[in-house]
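The letter at position 377 of the sequence shown is residue 376 when you use numbering that gives the first Met the number 0, and the numbering goes up by one with no holes. These notes concern the structure reproduced below.
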Amino acid sequence: MKVLAVTSEIYPLIKTGGLADVAGALPLALARQGVRVRSLVPGYPAVLGALEKARPLHEYEALHGGKARLLEARAGKLELFVIDAPHLYRRKGNPYVDEQGGDWKDNALRFGALAKVAAEIGSGLVPGYQPALVHAHDWQAGLTPAYLRGGPPTVITVHNLAFQGLFPSMLAEALDLPPEIRTMEGVEFHGRIGFLKAGLFFADAITTVSPTYAAEICTPEEGMGLDGLLRARARVLSGICNGIDTNVWSPRKDPHIAACFGVDELDLKAANKAALREKLGLEARPDVPIFGVISRLTEQKGIDLIASVLPDLVERGAQFALLGAGDQRLEARLREAASRYRGEVALFTGYDEALAHMIQAGSDALLMPSRFEPCGLTQLAALRYGTLPIVSRVGGLADTVIDANEAGLSAGVATGFQFTPVREAAFRRTLERALVLWQDKKSWRRLQQNAMRSRVGWGTAAKLYASLFRAVVKRVGDRSVTGARREASRDASAPKMRAAPLREIGKPSGSKISKP
Ligand code: ADP
Ligand code: GLC
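Below, the structure written as structure tokens:
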């Protein structure tokens, strides 16, 4: 089966977060399930620079304001379609924000073009290439199902409901959105155009990246204003936990770490701990655990909670290896801690892939006190490196870490620590639990071994995606053959927007349109 994936990031070419990791790894895992994925991506400089054997397939005289070409290319094992549109994508740096940290002013057109080209490919633009299904990722690809009404079946995957792609309604014309879908039963979201909303409304199936997050986003508390629509579409909504690329994240053969190790060689973690201390200027104190953090520095990730608990932990004897970038105020709080506790707290601000691997290998535990977490990938890598995740019990964190409570310990299955609610007091209590257990070297070792044996690869997820894709294709069929089938397929799951009006956007972050 051929599937066209539509994504604004793809590892290793361009990455701001987990979306890139997923978009880069899933095609390779799906290939083993007989699903051949070709991914459509914008031609940012980093993408164009990485292409092998690029071949032009189509020329646009005017694609949202300028000339453009559609290329077919490979990059390593990835099969790609690339939109080479200099007026939209040939800008250095972050794909979503300019040098001042503000969203690119023309993001609606930039990602509207991504969806438009995806829909055209889905509708047969490329001779000899007809995908059986189109798989859109996040708001950036959200208009794809809206443009593809009448084309092949579509699935949209929500990686983060906080980023919705909301734009002024006057752009509808420029985006070529037909008048009949510029309504609440279409792309309109509280007076604006909602890219993600459009995708959720028109896609034949919706997935998100963990079962717990799938349930959470149907509630007013976590639905960010889209819970009404998601509840209306609950029959076609499911959660599939992400995996990680176990070739990239493999402690046995990781080129970035000081000493490679397997599950029976956990003593070698000490060498990685020493190397991490040396790299970051942490005091060599062997009887002290290192807590690692690798994260976007945002409210979502609970970085403020880490800043709050940090002084007490340092006083008690703990060190911190912090890697992240994002919110200036959070960065400043961490920087202050690092200068106050020089030698015990190290902060690297920026994006550093090699250091991320060193922190995973050299830390004792990884902190992820997220307020919400659709899936989370860093805790999966931590498990694989025997670095016990200490996480809030939300979203994918709830689904992937087994708490070292009495039951978990006595059954011998625990892999880390969970806390709830996401408040400082509960976080502190759990850190205390972890510190106590850390003193008990035998029990800690057992947890590390369980963690390293957890299944964190893409195998299970790829099987689930493949069977979902096949089921959707079977259910929806080819709409280009008969429009009537499509109507039938939308059946009872079709959202009844007037009957179930959407809530006002409940959280300020609900209107964010790009990652910081
Ligand atoms: P999110 O996508 O919400 O940021 P995930 O846990 O799904 O969170 O994915 C984050 C990915 O980005 C992981 O691969 C993690 O290792 C990586 N990452 C995050 N921050 C940094 C950083 N500062 N330097 C290097 N890698 C980072
Ligand atoms: C988003 C989420 C994260 C998830 C990633 C990949 O960025 O914040 O939880 O792991 O997407 O799906």
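We put the beta carbon where it would ideally sit given N, CA and C, even for glycine.
To the nearest angstrom, report how far apart L18 and T206 are at their CA atoms. 14 Å
Following a CB-centred definition, is G375 positioned closer than 7 Å to any heavy atom of the ligand ADP? yes
Looking at T211 and G394, is the spacing between their C-beta atoms short of 8 Å? yes
Return the residue from the list D226, P285, P254 and R432 that minimises the CA-CA distance to A269. P285
DSSP puts I293 in a beta bridge; with which residues? L322
Output the boundary residues of the alpha helix (DSSP H) element that contains P144. T143 to Y146
Would you check whether the ligand GLC has a heavy atom nearer than 7 Å to the C-beta of H134? no
Following the continuous beta strand (DSSP E) through H356, name the residue where it begins and the one where it ends. That residue, H356, is in no beta strand (DSSP E); its alpha helix (DSSP H) goes E352 to G361.
I want to check one thing, is the minimum distance from the CB of R295 to the heavy atoms of the ligand ADP below 7 Å? yes
When the distance is taken between beta carbons, is L275 closer than 8 Å to I358? yes
Can you find at least 3 beta carbon pairs, one from the stretch 337-354 and one from the stretch 134-145, that sit closer than 8 Å? no
Please list, in chain order, all residues of the same chain as G411 whose beta carbon is under 8 Å from its beta carbon, the five residues on each side excluded. R445 and N449
Take the Cβ of H134 as the centre, count every other Cβ of all protein chains shown within 10 Å, and call the residue buried at 16 or more, exposed below. buried
Taking 7 Å as the line, does the beta carbon of L329 fall inside it for any heavy atom of the ligand GLC? no
Does DSSP put I120 in a helix, in a strand, or in coil? helix
Please state the DSSP three-state secondary structure of G482. Note that G482 has pLDDT 46, beneath the 50 cutoff, so the model's placement of it is unreliable and no number is given.
For G242 and L376, the rounded distance between their alpha carbons: 7 Å
Using a Cβ-Cβ cutoff of less than 8 Å, which residues in the same chain neighbour T429 once the five nearest sequence positions on both sides are dropped? I389, F416, Q417 and F418
Alpha carbon of P152 to alpha carbon of E277, nearest angstrom: 53 Å
Which first and last residues belong to the beta strand (DSSP E) in which P41 is found? R35 to P41
From I82 to E8, what does the alpha carbon distance come to, in whole angstroms? 13 Å
What do you get for K115, buried or exposed, if any count of 16 or more other CB atoms within 10 angstroms of its CB means buried? buried
Does the stretch 251-261 come close enough to the stretch 11-27 to have 3 or more Cβ pairs within less than 8 Å? no
Could you check the C-alpha separation between H86 and L47 for me, to the nearest Å? 14 Å
Are there 16 or more other CB atoms within 10 angstroms of the CB of Q327, so buried, or fewer, so exposed? exposed
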